[in-house]
Amino acid sequence: MHEQDAGHLGAAPDSEAAAALVAEDVDDLGYVMRLTRVWAHAPELHARWFDAVAAASSAGGLDLRDKGVLVSATASEMGDAYCALAWGARLASAAGDDVAVAVLEGDEGALDDRDRALAAWARRVVRDPSATTADDVAALRTVGLDDRQILAATVYVALRQAFSAVNDALGAAPDLRLAEDAPAVVRDAVRWGRPPA
1 MHEQDAGHLG AAPDSEAAAA LVAEDVDDLG YVMRLTRVWA HAPELHARWF
51 DAVAAASSAG GLDLRDKGVL VSATASEMGD AYCALAWGAR LASAAGDDVA
101 VAVLEGDEGA LDDRDRALAA WARRVVRDPS ATTADDVAAL RTVGLDDRQI
151 LAATVYVALR QAFSAVNDAL GAAPDLRLAE DAPAVVRDAV RWGRPPA
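Each residue of the sequence shown is one higher than the one before, counting from 1 in the UniProt record's numbering.
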């Protein structure tokens, strides 16, 4: 791999799997994300994480908006700027700037019932999972999720939380281009975590 910033880690060793991760970023984005440089040290872990996230999303019947709400709420509760910028931008494209900003800023009163329930659940899971109640779960049922979907959404949040924790702990700052490509209102709402570099 190229000798470029991989957070607190050095450059990843060359391998076919690492090269595939890099090529995917270049094809999709036109540049290599800093988090990719971190995960390139063990691409098989990234692949297994990705498979688990995809399985949880599928089992939960989560669409792009649902995932955007869950990840944006998770990232903002954790103080993770990287995923907040990436998923705040995706949520803005799926549901509008106002929804993305409301989730990022924790203004759940500005959301519809489903978005509010998903955002509140993600924050509770991140903040103190042992303090959740049956009423918290009932709020998810009220907006149409069954127990399988609730389990899957919870697994999805936990996996996203783990991903953010790895990236943040290993010093993967948000890519400057990622920040520049995000809507201005999303950039303005993300006032925590590592600054773009």
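In this text, a Cβ means the ideal position worked out from N, Cα and C, and glycines have one as well.
These figures come from a predicted structure and were not determined experimentally.
Which of helix, strand or coil DSSP assigns to residue i
i: ALA152; result: helix
i: LEU159; result: helix
i: LEU104; result: helix
i: residue 203; result: The structure shown has nothing for residue 203, since the chain only spans 1 to 197.
i: LEU118; result: helix
i: ALA197; result: coil
i: ALA12; result: coil
i: ALA6; result: strand
i: HIS46; result: helix
i: THR132; result: coil
i: ASP181; result: helix
i: ARG191; result: coil
i: ASP28; result: helix
i: LEU21; result: helix
i: GLY109; result: helix
i: ASP146; result: coil
i: LEU170; result: coil
i: ASP175; result: coil
i: ALA165; result: helix
i: ALA52; result: helix
Spatial distance of residue i from residue j (CA atoms)
i: GLU105; j: ALA189; result: 6 Å
i: LEU170; j: HIS8; result: 5 Å
i: PRO129; j: ASP136; result: 11 Å
i: PRO43; j: ALA18; result: 6 Å
i: ALA182; j: ALA89; result: 5 Å
i: ALA100; j: ALA92; result: 5 Å
i: residue 257; j: VAL126; result: The displayed coordinates of the chain run from 1 to 197. Any statement about residue 257 would go beyond what the structure contains.
i: VAL53; j: VAL26; result: 22 Å
i: VAL155; j: ARG124; result: 13 Å
i: ALA134; j: VAL38; result: 38 Å
i: ALA197; j: ALA11; result: 17 Å
i: ASP5; j: LEU176; result: 13 Å
i: ASP142; j: PRO174; result: For the record, residue 142 in the displayed sequence is Thr; it is not Asp. Each residue's alpha carbon lies about 36 Å from the other.
i: ARG191; j: ALA23; result: 31 Å
i: GLY96; j: VAL103; result: 11 Å
i: THR132; j: ARG187; result: 31 Å
i: ARG114; j: ALA138; result: 12 Å
Identity of the residues DSSP links to residue i by a beta bridge
i: LEU140; result: LEU140 pairs with nothing; no bridge assigned.
Check whether the region 60-80 touches the region 157-164, counting contact only when three or more Cβ pairs, one atom from each stretch, lie closer than 8 Å.
yes
Should the region 24-31 be regarded as contacting the region 113-127, the criterion being three or more beta carbon pairs within less than 8 Å?
Too few Cβ pairs lie closer than 8 Å, so no.
Would the region 81-91 count as touching the region 45-62 if we require 3 or more Cβ pairs under 8 Å?
no
Mind pulling the alpha helix (DSSP H) runs of 4 or more residues that sit fully within the region 55-96?
DSSP runs (the alpha helix (DSSP H)) wholly in the region 55-96: 64-78 and 81-95.
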